[in-house]
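Trainee: In my numbering, the protein residues as written are 774 to 1050. All C-beta atoms, glycine included, are put in the ideal place defined by N, C-alpha and C. Everything numeric in this text was worked out from a predicted model, so none of it was measured.
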Ligand SMILES: Nc1ncnc2c1ncn2[C@@H]1O[C@H](COP(=O)(O)OP(=O)(O)O)[C@@H](O)[C@H]1O
Ligand SMILES: [Mg+2]
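1. Enumerate in chain order the residues of its own chain whose CB-to-CB distance from residue 979 is below 8 angstroms, with the five nearest sequence positions on each side excluded.
2. Give every residue of the same chain whose Cβ lies closer than 8 angstroms to the Cβ of residue 899, excluding the five residues on either side of it in the sequence, and list them in chain order.
3. Closer than 7 angstroms: is that where the CB of residue 823 sits relative to any heavy atom of ligand 2?
4. Of the choices 802, 912 and 842, whose alpha-carbon is the least far from that of residue 867?
5. Taking residue 877 and residue 824 to be in contact with their CB atoms under 8 angstroms, please state how far apart those CB atoms are, rounded to whole angstroms.
6. Identify whether residue 1002 lies in helix, strand or coil by the three-state DSSP scheme.
7. Have a look at 921, 831, 1032 and 937 and flag the residue whose alpha-carbon is nearest the alpha-carbon of residue 789.
8. Return helix, strand or coil for residue 818, following the three-state DSSP convention.
9. I'd like to know if the stretch 904 to 924 and the stretch 857 to 875 are in contact, where contact means that at least 3 CB-CB pairs between them fall below 8 angstroms.
10. Terminal residues of the continuous beta strand (DSSP E) containing residue 993?
11. Kindly confirm or deny that the stretch 966 to 973 and the stretch 796 to 810 touch, where touching means at least three C-beta pairs closer than 8 angstroms.
12. Where does residue 854 sit, in a helix, a strand or coil, going by DSSP?
13. Taking the DSSP output, what are the residues bridged to residue 841?
14. In terms of residue numbering, what span does the beta strand (DSSP E) encompassing residue 780 cover?
15. Leaving out the 5 sequence neighbours to the left and right, which residues in its chain are closer than 8 angstroms to residue 914 when beta-carbon positions are compared?
16. Strictly closer than 6 angstroms from CB to any heavy atom of ligand 1: give me those residues in the order they appear in the chain.
17. Considering Cα atoms alone, identify which of 1023, 1018 and 974 is closest to residue 1004.
18. Between residue 860 and ligand 2, is the CB less than 7 angstroms from at least one heavy atom?
19. Please classify residue 1041: is it buried, with 16 or more other beta-carbons within 10 angstroms of its beta-carbon, or exposed?
20. Using DSSP with H/G/I as helix, E/B as strand and the rest coil, what is residue 801?
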């Protein structure tokens, strides 16, 4: 058996002002997983993500990525393994052309300019950013494209794990679906482990295989999506309600519906099964 790609052991993170943001976090993440982090504002999702990619060093405990302990590993070595896409792409984009933006990471790890070019073209291709945008200033692109540039700039480092912080916040249903389909493609076709931070429970139900629920710096639940949603009393501690269809199935359990029902399609399939006899 191979060891997990990421191992988090008794992780504690305290901000310089004394705020205890993470308190004894333990989990492992394997290559190729599709996970969501959920939890109310302030529960520790962003802090945890920044600990996973080495931006923050643990106050206590360990984060070990691909055999490298974040305490003793230079940040550049961490960020090429775990990429973190900021919630607001504008906090991440700072170069004056899309090309320079995407090339920044590869240049920073001192790759030869030929390799940088290859990586930029590859990342732009994967996110569907046309070459005609390479000379444009990212700031003047629409938000959807700015997000793609932000993701491309992370992809150019070819990290095995990519964390995307609230990618669908402020997007309409159609845009959210496009973003999610794109992340699924990265996961299924390119093999990246994807961690999505989101408040959107229908999105979690539809796309995540595993859910990690955080509350006040602790892990409240960690498991397959249907299993985690089957414990509304635990989710309530972090003010999260399962999707409405899951709640409906839970309240009609005595009719034979599964409390782990995640989508309308699953509900209909059960209904057809139940009424067939
Ligand atoms: N720069 C900071 N300095 C001090 N406390 C912070 C800072 N950033 C976040 N926090 C605190 O850390 C906790 C976790 O925050 P955060 O990781 O941003 O949660 P989430 O991403 O789940 O909303 C909260 O109590 C928050 O107020
Ligand atoms: Mg956050």
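Mentor: Based on what the coordinates show:
1. Counting only Cβ-Cβ distances below 8 angstroms, and skipping sequence neighbours, we find 953, 1035 and 1036.
2. In the same chain as residue 899, and ignoring 5 residues on each side of it, the C-beta atoms closer than 8 angstroms to its own belong to 925, 928, 959 and 963, in chain order.
3. Incorrect: residue 823 has no Cβ contact closer than 7 angstroms to ligand 2.
4. Residue nearest to residue 867 within the set 802, 912 and 842 is 912 (criterion: CA-CA distance).
5. Incorrect: roughly 22 angstroms between the Cβ atoms, too far for contact.
6. Residue 1002 falls in the helix class under three-state DSSP.
7. Scanning 921, 831, 1032 and 937 for the CA closest to the CA of residue 789 turns up 831.
8. DSSP places residue 818 in helix when its eight states are reduced to three.
9. The stretch 904 to 924, when compared against the stretch 857 to 875, does touch it at the 8 angstroms Cβ threshold.
10. Counted as a single uninterrupted DSSP element, the beta strand (DSSP E) harbouring residue 993 occupies residues 991 to 997.
11. A contact exists between the stretch 966 to 973 and the stretch 796 to 810.
12. Coil, per DSSP.
13. Answer is 838.
14. Its beta strand (DSSP E) spans residues 779 to 787.
15. In chain order, 871, 906 and 922 place their CB closer than 8 angstroms to the CB of residue 914, counting only its own chain and leaving out the 5 sequence neighbours on each side.
16. Result (chain order): 788, 790, 792, 794, 812, 814, 815, 816, 817, 818, 819 and 820.
17. Proximity to residue 1004 across 1023, 1018 and 974 peaks at 1023, based on C-alpha coordinates.
18. In this structure, residue 860 has its CB closer than 7 angstroms to one or more heavy atoms of ligand 2.
19. With fewer than 16 Cβ atoms within 10 Å of its Cβ, residue 1041 is classed as exposed.
20. Per DSSP, reduced to three states, the secondary structure at residue 801 is strand.
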